[in-house]
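Numbering (my numbering), first residue to last: 110 to 161.
Ideal Cβ placement from N, Cα and C applies to all residues, glycine included.
Note that the structure is predicted; figures quoted are calculated from it, not measured.
Below you'll find the structure, written out as structure tokens, and then a few comments.
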Amino acid sequence: MQPNLTHLRQLEAESIHIIREVAASFERPVMLYSIGKDSSVLLHLARKAFYP
């Protein structure tokens, strides 16, 4: 595997961990979505974090 891809996977795993940690801190967490690039990335990470 290429070093850059490994680094990206590590960043993705860390982001998913943070999303799960923050969501567990609240009773009913929500995520705002503006149909932009950042929101699309966040939606992708949230799906990986919570969807089996």
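Which of helix, strand or coil DSSP assigns to residue i
i    : result
P161 : coil
L114 : helix
V139 : coil
I127 : helix
S134 : coil
Residue i and residue j closer than 9 Å at C-beta
i    : j    : result
S124 : L154 : yes
F159 : R137 : no
E78  : K157 : Here the chain comprises residues numbered 110 to 161, so residue 78 is not present and cannot be evaluated.
S148 : L141 : yes
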